[in-house]
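The numbers in the UniProt record's numbering rise by one with no breaks, and the one at position 351 of the sequence shown is 351. Okay, structure first, notes after.
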Amino acid sequence: MSLIRTREAPAAATHALAEQGVHPLLARVFAARGVTDASDVDYPLAGLLPWESLKNIRAMAARLADAIARREKLLVVADYDADGATACALAVEGLSRMGAVVDYIVPNRFEYGYGLSPQIVELAASLAPDVIVTVDNGIASVDGVKAARARGIEVLVTDHHLPGDSLPDALIVNPNQGDCPFPSKNLAGVGVMFYVLLALRAHMRETGAFADGKGPNLAELLDLVALGTVADVVKLDRNNRILVEHGLRRMRAGRMSPGVAALFRVAARDAKKANTFDLGFTLGPRLNAAGRLDDMSLGIACLLSRDEETATTLASELDRLNRERRNIEAGMQEEALADLALVDAEGRYTLALFHDDWHQGVVGIVASRLKERFHRPTIVFAPGDDGQIKGSGRSIAGFHLRDALDLVAKRHPGVIVKFGGHAMAAGLTINADAFDDFCRAFEAVGRELLTPDTLERLIETDGALPADCMVLSFAEQLGAMVWGQGFPAPTFQGRFYVVSQRVVGGKHLKLRLMQGDAEFDGMFFNRGEWLPETVDAVYHLAANEWQGRKELQVYIDHVL
Numbered sequence: 001m002s003l004i005r006t007r008e009a010p011a012a013a014t015h016a017l018a019e020q021g022v023h024p025l026l027a028r029v030f031a032a033r034g035v036t037d038a039s040d041v042d043y044p045l046a047g048l049l050p051w052e053s054l055k056n057i058r059a060m061a062a063r064l065a066d067a068i069a070r071r072e073k074l075l076v077v078a079d080y081d082a083d084g085a086t087a088c089a090l091a092v093e094g095l096s097r098m099g100a101v102v103d104y105i106v107p108n109r110f111e112y113g114y115g116l117s118p119q120i121v122e123l124a125a126s127l128a129p130d131v132i133v134t135v136d137n138g139i140a141s142v143d144g145v146k147a148a149r150a151r152g153i154e155v156l157v158t159d160h161h162l163p164g165d166s167l168p169d170a171l172i173v174n175p176n177q178g179d180c181p182f183p184s185k186n187l188a189g190v191g192v193m194f195y196v197l198l199a200l201r202a203h204m205r206e207t208g209a210f211a212d213g214k215g216p217n218l219a220e221l222l223d224l225v226a227l228g229t230v231a232d233v234v235k236l237d238r239n240n241r242i243l244v245e246h247g248l249r250r251m252r253a254g255r256m257s258p259g260v261a262a263l264f265r266v267a268a269r270d271a272k273k274a275n276t277f278d279l280g281f282t283l284g285p286r287l288n289a290a291g292r293l294d295d296m297s298l299g300i301a302c303l304l305s306r307d308e309e310t311a312t313t314l315a316s317e318l319d320r321l322n323r324e325r326r327n328i329e330a331g332m333q334e335e336a337l338a339d340l341a342l343v344d345a346e347g348r349y350t351l352a353l354f355h356d357d358w359h360q361g362v363v364g365i366v367a368s369r370l371k372e373r374f375h376r377p378t379i380v381f382a383p384g385d386d387g388q389i390k391g392s393g394r395s396i397a398g399f400h401l402r403d404a405l406d407l408v409a410k411r412h413p414g415v416i417v418k419f420g421g422h423a424m425a426a427g428l429t430i431n432a433d434a435f436d437d438f439c440r441a442f443e444a445v446g447r448e449l450l451t452p453d454t455l456e457r458l459i460e461t462d463g464a465l466p467a468d469c470m471v472l473s474f475a476e477q478l479g480a481m482v483w484g485q486g487f488p489a490p491t492f493q494g495r496f497y498v499v500s501q502r503v504v505g506g507k508h509l510k511l512r513l514m515q516g517d518a519e520f521d522g523m524f525f526n527r528g529e530w531l532p533e534t535v536d537a538v539y540h541l542a543a544n545e546w547q548g549r550k551e552l553q554v555y556i557d558h559v560l
């Protein structure tokens with residue numbers, strides 16, 4: 001069941017924004033997202049939160065500066081998702097521009113698993129680094145840091161994940177460590193690394209390390225920051241929106257890295273019109289495909305490419321892997337739905353599924369699809385090593401997935417081998433013969449923490465859209481803005497007369513819609529059955545360009 005609700009827009013904030021010159025409809029939209037002043041949707045780089053309040057950042061900047069001065073070898077150890085890849089590319093490029101001797105490795109998901117494990121330290125040691133710098137991982141790498149220290153390798157941790165009960169014995173920059181005063185806890189891993197580079201440059205300026213007195217222009221790397229931030233689906237608070245906005249500006253101006261430009265080309269997207277949808281749903285998945293099916297070193301190499309030809313070759317391979325990923329995902333999802341058809345999925349509070357031939361690299365995205373379909377916390381498992389299976393989970397509002405797994409682990413010792421993650425996403429490893437025990441324990445926690453109301457899907461809209469806003473120019477204005485997790489793109493509610501409809505691609509409806517005297521092209525993705533003659537719909541607007549013609553398009557998200 002789904003509940004449709006119009007977002008509440010406080011009258012005082014709506015009025016204040018309109019008085020400051022914000023379009024009346026946008027004033028309502030912004031007020032419903034907690035904006036109270038027009039400056040909150042103005043995104044100058046100078047508006048970024050200052051780096052100084054991040055715990056340990058001055059000490060880390062000083063240590064990195066010392067390593068650069070001494071020509072010590074730095075080795076970046078990255079995560080294998082889009083955030084980790086962009087954070088790695090950012091670290092390598094940024095540190096190199098400041099004179100560092102730097103290389104990188106990224107764990108292969110299938111051989112080493114996540115994070116700075118003792119096995120990865122052994123691999124890293126073969127490259128003889130003086131210092132390991134983790135990006136988008138490390139906060140849980142207690143054993144890995146211990147293994148590195150035993151080999152005489154220092155570790156600097158940059159991460160954004162929630163810490164566990166104990167921290168590694170290392171210098172850590174992470175806004176989510178317990179007593180860090182940094183006001184925003186929503187930086188992605190790439191955002192944390194960007195702040196470290198800001199601090200490092202400031203330290204090196206103070207000590208006179210740059211011949212020109214200034215050092216590199218770090219704004220030139222914001223395309224990487226924007227891509228990783230959106231792809232990691234972190235909350236887009238104002239600070240993150242500033243980072244994303246300036247990354248998008250660079251893309252639209254053609255001032256992005258050759259690797260990012262190549263990802264736009266292979267995805268057949270126009271970088272001059274880059275928006276957050278492109279980053280989250282076209283570039284991000286292609287980058288993630290390397291970590292899911294192959295080795296994220298391919299994605300990082302693409303992002304670090306210095307010439308168009310190399311970047312295009314690598315981006316084309318990423319595009320091929322993404323098509324392969326979609327095929328694997330479709331097959332797994334079909335099998336999962338067949339399994340769920342045999343049980344009362346709607347009667348359960350949680351879902352957990354396993355097949356012994358499922359692909360370890362795709363379980364997370366299948367879990368996400370099933371979570372969206374059934375609106376239940378969902379974990380999908382695939383075979384691991386040594387009689388273990390590895391799962392990736394996605395959650396719904398009101399159910400902190402990592403905390404739920406922590407409860408399972410504490411109440412049923414030995415069922416979970418290891419776990420980690422966030423409120424909305426987590427990963428875990430269990431013994432294969434403990435799968436049924438885990439399912440029962442997870443369901444019990446779900447029934448304890450969830451209620452029937454939280455299991456009801458809530459679809460929020462921004463109400464009715466005035467007729468004078470159903471125009472191409474307004475759709476273009478909306479499309480150029482920064483929307484995403486925690487700051488959702490506006491959707492509206494209205495009634496349409498269906499002039500015509502036909503199925504395209506085997507599963508989508510191509511529509512011609514009428515509202516009042518105006519007609520619009522429309523699409524309803526993943527809907528193969530016919531609509532009635534008149535529909536009440538939740539929809540969003542887009543500017544659709546085809547063969548040089550640009551038109552307003554109505555995308556239907558739900559019918560009531």
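Here a beta-carbon is modelled for each residue, glycine too, at the ideal position from N, C-alpha and C.
Item                                                                                                                                                                 : Value
Should residue 614 be labelled buried (16 or more other beta-carbon atoms within 10 Å of its own) or exposed?                                                        : A question about residue 614 goes unanswered here, because the residues of the chain that appear run from 1 up to 560.
Grab me the residues of residue 345's own chain with a C-beta within less than 6 Å of its C-beta, minus the 5 sequence neighbours each way, in chain order.          : 374
Quick check on residue 546: does DSSP put it in helix, strand or coil?                                                                                               : strand
May I ask you to verify whether the stretch 1–12 touches the stretch 146–160, counting CB pairs closer than 8 Å and requiring at least 3?                            : no
Within the continuous alpha helix (DSSP H) that includes residue 322, where are the two ends?                                                                        : 308–340
When we look at the beta-carbon of residue 497 and count the other beta-carbons within 10 Å, is it buried (16 or more) or exposed?                                   : exposed
In whole angstroms, what separates the C-alpha of residue 518 from that of residue 363?                                                                              : 44 Å
Of the residues 337, 288 and 353, which one's Cα is nearest the Cα of residue 326?                                                                                   : 288
If I measure Cβ to Cβ from residue 275 and keep anything under 6 Å in the same chain, skipping five residues before and after, which residues do I get?              : 479
I'd like to know whether the C-beta atoms of residue 539 and residue 522 end up nearer to each other than 9 Å.                                                       : yes
In this structure, does DSSP put residue 273 in helix, strand or coil?                                                                                               : helix
Applying the criterion that 16 or more other CB atoms from any shown protein chain within 10 Å of the CB defines a buried residue, is residue 136 buried or exposed? : buried
Counting contacts by CB-CB distance shorter than 9 Å, is residue 347 in contact with chain C?                                                                        : No chain C is present in this structure, which holds just one protein chain.
So if DSSP puts residue 519 in a beta bridge, which residue, or which two residues, is it bridged to?                                                                : 514
In angstroms, rounded to a whole number, what distance separates the CA positions of residue 108 and residue 77?                                                     : 11 Å
Pull up the distance between the alpha-carbon of residue 322 and that of residue 511, whole angstroms please.                                                        : 28 Å
If I measure Cβ to Cβ from residue 563 and keep anything under 8 Å in the same chain, skipping five residues before and after, which residues do I get?              : This structure cannot speak to residue 563, because the chain is shown only from 1 to 560.
According to the neighbour-count rule (16 or more other Cβ atoms, all chains shown, within 10 Å of its Cβ), is residue 246 buried or exposed?                        : buried
Run the CB neighbour count on residue 266, radius 10 Å, all protein chains shown included, and call it buried at 16 or more, exposed below.                          : buried
Pick out the complete alpha helix (DSSP H) segments inside the stretch 273–306, 4 residues or longer, and give them in chain order.                                  : 284–293 and 297–304
For residue 433, does the three-state DSSP call read helix, strand or coil?                                                                                          : helix
Along the chain, where does the beta strand (DSSP E) that runs through residue 383 open and close?                                                                   : 378–383
Less than 9 Å between the beta carbons of residue 279 and residue 250, yes or no?                                                                                    : no
Looking at the structure shown, is residue 154 part of a helix, part of a strand, or coil, going by DSSP?                                                            : strand
Have a look at the DSSP bridge pairing and note the partners of residue 223.                                                                                         : According to DSSP, residue 223 bridges with nothing at all.
Does the Cβ-Cβ distance between residue 315 and residue 228 come in under 9 Å?                                                                                       : no
If you follow the beta strand (DSSP E) that residue 354 is part of, which residue opens it and which one closes it?                                                  : 351–354
First and last residue of the alpha helix (DSSP H) that includes residue 460?                                                                                        : Premise fails: residue 460 lies in the beta strand (DSSP E), 457–461, not in any alpha helix (DSSP H).
Could you compute how far the alpha carbon of residue 388 sits from the alpha carbon of residue 29?                                                                  : 47 Å
Quick check on residue 548: buried or exposed, where buried means 16 or more other Cβ atoms within 10 Å of its Cβ?                                                   : exposed
Inspect the CB distances between the stretch 105–125 and the stretch 324–339 and report whether three or more fall short of 8 Å.                                     : no
Among 2, 21, 25 and 18, whose alpha-carbon lies nearest the alpha-carbon of residue 468?                                                                             : 25
Taking all protein chains shown into account, decide if residue 530 is buried (16 or more other Cβ within 10 angstroms of its Cβ) or exposed.                        : exposed
Of all the options 224, 397 and 88, which has the alpha carbon lying nearest to the alpha carbon of residue 453?                                                     : 397
Under 9 Å, do residue 475 and residue 445 count as touching if we go by C-beta distance?                                                                             : no
Whole angstroms is fine: what's the gap from residue 426's alpha carbon to residue 333's?                                                                            : 19 Å
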